[in-house]
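When we follow the numbering used here, the leftmost residue of the sequence shown carries the number 213, and every step to the right adds one.
Ideal Cβ positions, reconstructed from N, Cα and C, are used throughout, including at glycine.
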Amino acid sequence: MHEAGALSKGHVVICDRGTFIGTLWGDEERAMKQVVEMAQGGVLMIDEAYLLNGKNENDPGKIIVQLLMNLLADESQRDIAVVLCGYKEPMNELLETNPGLLSRFPNRFEFADFSVDELLEITSRRIEEYSYRFTVKAWQKYVDMIALAFNARDTETWGNARFIANQLERIYIQHATRCVKQPPKNHNDLLLITPEDIVPIEVPRRKNRIGFGV
Numbered sequence: 213m214h215e216a217g218a219l220s221k222g223h224v225v226i227c228d229r230g231t232f233i234g235t236l237w238g239d240e241e242r243a244m245k246q247v248v249e250m251a252q253g254g255v256l257m258i259d260e261a262y263l264l265n266g267k268n269e270n271d272p273g274k275i276i277v278q279l280l281m282n283l284l285a286d287e288s289q290r291d292i293a294v295v296l297c298g299y300k301e302p303m304n305e306l307l308e309t310n311p312g313l314l315s316r317f318p319n320r321f322e323f324a325d326f327s328v329d330e331l332l333e334i335t336s337r338r339i340e341e342y343s344y345r346f347t348v349k350a351w352q353k354y355v356d357m358i359a360l361a362f363n364a365r366d367t368e369t370w371g372n373a374r375f376i377a378n379q380l381e382r383i384y385i386q387h388a389t390r391c392v393k394q395p396p397k398n399h400n401d402l403l404l405i406t407p408e409d410i411v412p413i414e415v416p417r418r419k420n421r422i423g424f425g426v
């Protein structure tokens, strides 16, 4: 968008409900002003934006939604792009709570799940960050488990890269536990992930993300 001339800078500011909700009355407006100033010339991305749609009528998240509406209606704030991210159904519910909000986010993008091969590529890149390596048997066991989890996934709740990150954390913990009980012979063995380290897969119940841009 910067290269196309739509934005003067092109940077991205990522925030969520916690960025705006303070402990004192009026914190929401101050926080919104600060975030908008930071995002000027770039993209303001609100992650899990549906959390602003609180069930309580007095939920401060509703104030954030109204402040966002004011921002989008201000022609002097044209040097900014706003993206709301979140799971599909809760995002639809958020937009439907306010016709004005719905009309200001006409562009919707639903992202497909990563394939098994892409999930394995994410795995390889993540373990390289810590210099870990799978043994041949461990990798095959891991591949089989990821494929089974992928095929059994609920397409409305699949976690994609977050799912891989969570599984690797569990593997690291199991690996560390094994190394304490059976100390590796050398540094090379210390960095090897064995079949014993591959713990059963847990498929989290999370929903698909969809992005809305203006």
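First and last residue of the uninterrupted beta strand (DSSP E) at residue i
i	result
V224	224-227
Residues bridged to residue i [DSSP beta-bridge criterion]
i	result
M257	I226, V295
F346	I405
DSSP state of residue i mapped onto helix, strand, coil
i	result
F326	coil
R365	coil
R290	coil
L404	strand
L219	coil
H399	helix
R338	helix
Q352	helix
P412	coil
Q246	helix
M213	coil
I358	helix
G234	coil
Sequence-distant residues of its chain with Cβ nearer than 8 Å to residue i (five each side left out)
i	result
A293	M213, A218, L219, G254, V255, L256, G425, V426
V277	L264, N265, L306, T309, N310, L313
I339	R345, F346, L380, I405
D259	I226, C227, D228, C297, G298
I334	F326, A373, I376
G230	none
Close beta carbons around residue i, own chain, < 6 Å, minus the five adjacent residues each side
i	result
L307	L313, L314
Y354	I410
Q386	D409, V411
Residue range of the unbroken alpha helix (DSSP H) whose run includes residue i
i	result
Q379	373-393
L279	273-285
E269	Neither: E269 is in no alpha helix (DSSP H) and is coded neither H nor E.
N304	300-308
7 Å Cβ shell around residue i - same chain, five flanking residues per side excluded
i	result
D446	The chain is shown from 213 up to 426; residue 446 falls before or after that span and cannot be answered.
P396	L402
M357	I410, I413
- Item | Three-pair Cβ contact test at 8 Å for the region 298-305 versus the region 278-286 | Touching, no, given that fewer than three Cβ pairs across the two stretches are closer than 8 Å.
- Give a yes or no on contact between the region 318-335 and the region 360-377, applying the rule of three or more CB pairs nearer than 8 Å. In the pairwise beta carbon analysis, the region 318-335 is classified as touching the region 360-377: at least three pairs are separated by under 8 Å.
- Task: Determine contact between the region 339-351 and the region 404-413, defined as no fewer than three beta-carbon pairs at a distance below 8 Å.
- Result: Taking 8 Å as the limit for Cβ pairs, the verdict is that the region 404-413 does touch the region 339-351.
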